[in-house]
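Going by our numbering, the first residue of the sequence shown is number 73, and it counts up by one from there.
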Amino acid sequence: MMNEVVGVPTETVYGLAANALNTEAVLKIYQAKNRPAFNPLIVHVGQVSDLELYTTAIPDLVYQLAEKFSPGPLTYLLPKNNIIPDLVTSGLDAVALRIPSHPMFQRLLKEINFPLAAPSANPFGYISPTAANHVYQGLSGKIPYIVDGGPSNIGLESTIISFLNDTPEILRFGGISPEAIEKVLGVKIKIPEKVAFKPLAPGMLKSHYAPSIPLYFGDLETLKPWCGPEVAVISLSGSPELTGTQYILSPENDLQEAASQLFQVLRAVDRPDIYSRILAVKFPDAGLGFAINDRLTRASVNS
Ligand code: TXA
Ligand code: MG
73 MMNEVVGVPT
83 ETVYGLAANA
93 LNTEAVLKIY
103 QAKNRPAFNP
113 LIVHVGQVSD
123 LELYTTAIPD
133 LVYQLAEKFS
143 PGPLTYLLPK
153 NNIIPDLVTS
163 GLDAVALRIP
173 SHPMFQRLLK
183 EINFPLAAPS
193 ANPFGYISPT
203 AANHVYQGLS
213 GKIPYIVDGG
223 PSNIGLESTI
233 ISFLNDTPEI
243 LRFGGISPEA
253 IEKVLGVKIK
263 IPEKVAFKPL
273 APGMLKSHYA
283 PSIPLYFGDL
293 ETLKPWCGPE
303 VAVISLSGSP
313 ELTGTQYILS
323 PENDLQEAAS
333 QLFQVLRAVD
343 RPDIYSRILA
353 VKFPDAGLGF
363 AINDRLTRAS
373 VNS
């Protein structure tokens, strides 16, 4: 097991985990996912004090956030020390570190004496897995083992926040909203204005999370021309204005519930035998709506 890759449950999405300090094991992650090696991996540790083991400097702001959000869906980008192999960070001087809260992942980290590199456990470019059977569907035959820890209750990847410059900067929207982060820090942070495609987070390529049939994303006006009988419509609480089969993420307008359903619903509507296209109505730009809109933009063919 020391040099193997394993599908593991986390509270955000399922991960494909391997010993972050062993390049042979880390290589297997890239191979199983068919992931380009210029895309660095998040390193998972068991507790906040472990962050020190792999970094050269940790600003106080990190501890302020960690007190509130770790373990949980927040990843800190920090200057790395030389214990972390270059393969994990694609040669960058910074390492992304997260303390996952899922009890089975926590137990696993307690039983081993190394950190775990883990990307989402999906073939590169496809929808992230929020259940063990999603991992099986995407990677069976390519990995020896999947740990089933039930559905991921956050349902979206972690928020990635960089501490490489004086002002903290969100690199990826995710399970912790920008508002919640600013509230804890009491300062303004940098947040991407729209979907950003920066070289610093190479994973944030366009055409990620893409279903096999075209997905159109936007407001009602943008989507109307695409309506029709063979259409699946995804929205927060229903969009009767758009003809098609309705997939409602939260009848109560609860963005947290919507986030937890998103990837599962994207998989459910990815049915070329039933639908010719998917319409996804833009979510409010607030709270977890930023992360939901980000994923839908990347999954779409029109934005
Ligand atoms: O919730 C999550 O973060 C999940 C679970 C499994 O922990 N993991 C996850 O990993 O989403 P992945 O590989 O699918 O996405 C990680 C993102 C990628 O966009 C990658 O480019 C970025 O994090 N990243 C990782 N290390 C980085 C680094 N050193 N510098 C810049 N970006 C980094
Ligand atoms: Mg991923």
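Built from N, CA and C at the ideal position, the CB exists for glycine as well.
A quick note: this is a predicted structure, and the numbers were derived from the prediction, not measured.
Taking residue i as the reference, give the member of the options with the closest Cα.
i      : options                           : result
Lys296 : Arg349, Ser200, Pro187 and Ile130 : Arg349
Leu113 : Ile101, Asn106 and Thr294         : Ile101
Ala304 : Arg370, Thr95, Phe362 and Val341  : Val341
Gly221 : Ala204, Ile306 and Leu228         : Ala204
Ala189 : Ile199, Gly310, Ser162 and Thr317 : Ser162
Asp345 : Trp298, Asn111, Thr315 and Glu302 : Glu302
His48  : Lys105, Ile184 and Pro131         : Examination of residue 48 is not possible in this model, given that the chain is present from 73 through 375 alone.
Tyr126 : Lys214, Thr84, Lys255 and Pro157  : Pro157
Pro286 : Asp238, Phe335 and Arg343         : Arg343
Ala69  : Leu164, Val120, Ile253 and Pro175 : The shown model of the chain, from 73 to 375, leaves out residue 69, and the question about it has no answer.
Gly197 : Leu314, Glu313, Asn111 and Leu133 : Asn111
Leu159 : Arg107, Asn237 and Asp238         : Arg107
Asn154 : Ala252, Ala129, Pro323 and Thr315 : Ala129
Give the range of the beta strand (DSSP E) segment to which residue i is assigned.
i      : result
Thr84  : Careful: Thr84 lies outside any beta strand (DSSP E) and carries neither H nor E.
Ala352 : Arg349 to Val353
Ile306 : Val303 to Ser307
Gly290 : Leu287 to Gly290
Thr317 : Thr317 to Ile320
Tyr148 : Leu146 to Pro151
Ser234 : Thr231 to Ser234
Do residue j and residue i come within 8 angstroms of each other at the CB atom, strictly closer than that value?
i      : j      : result
Leu368 : Pro283 : no
Pro187 : Ala90  : no
Pro191 : Gly87  : yes
Tyr288 : Asn374 : yes
Pro81  : Val259 : no
Ile248 : Pro145 : yes
Ala352 : Phe245 : no
Lys152 : Ala138 : no
Leu292 : Gln136 : no
Pro143 : Gln178 : yes
Ser307 : Thr84  : no
Leu149 : Leu228 : no
Which residues in the same chain as residue i place their Cβ atom closer than 6 angstroms to its Cβ, once the five residues preceding and following it in sequence are excluded?
i      : result
Val78  : Ala89 and Tyr217
Thr147 : Ile114, Ala168, Arg170, Ser230 and Ile232
Ala97  : Asn75, Ala90 and Asn91
Tyr383 : No statement about residue 383 is possible, as the shown extent of the chain runs from 73 to 375 and does not include it.
Thr317 : Ala304
Pro274 : Interpretation of Pro274 is limited by its pLDDT of 43, a score under 50 that renders its predicted location unreliable; the figure taken from the coordinates is listed afterwards. The answer, listed in chain order, is Phe110 and Asn111.
Gly361 : Leu327 and Phe355
Ile409 : No statement about residue 409 is possible, as the shown extent of the chain runs from 73 to 375 and does not include it.
Starting from the C-beta of residue i, find all residues in its chain whose C-beta is less than 8 angstroms away, skip the five residues before and the five after it, and write them out in chain order.
i      : result
Glu241 : Ile233, Ser234, Ile261, Lys262 and Ile263
Tyr319 : Ala304, Val305, Ile306, Ser307, Val337, Ala340 and Val341
Leu99  : Leu159
Can you name, in chain order, every residue of its own chain whose Cβ lies under 7 angstroms from the Cβ of residue i, other than the five neighbours on each side?
i      : result
Lys182 : Gly118
Ala104 : Val77, Leu88, Leu211, Lys214 and Ile215
Need the endpoints of the alpha helix (DSSP H) that residue i sits in, please.
i      : result
Val115 : First-last for Val115: Ile114 to His116, but that is the beta strand (DSSP E), not the alpha helix (DSSP H).
Ile101 : Thr95 to Lys105
Ile242 : Run containing Ile242: none in the alpha helix (DSSP H); it sits in the beta strand (DSSP E), Glu241 to Arg244.
Ala168 : It is not in any alpha helix (DSSP H) - Ala168 instead sits in the beta strand (DSSP E) that spans Ala166 to Arg170.
Inset, instruction - State whether the region 314–328 contacts the region 351–359, with contact taken as three or more CB pairs (one from each stretch) at a distance under 8 angstroms. - result: yes
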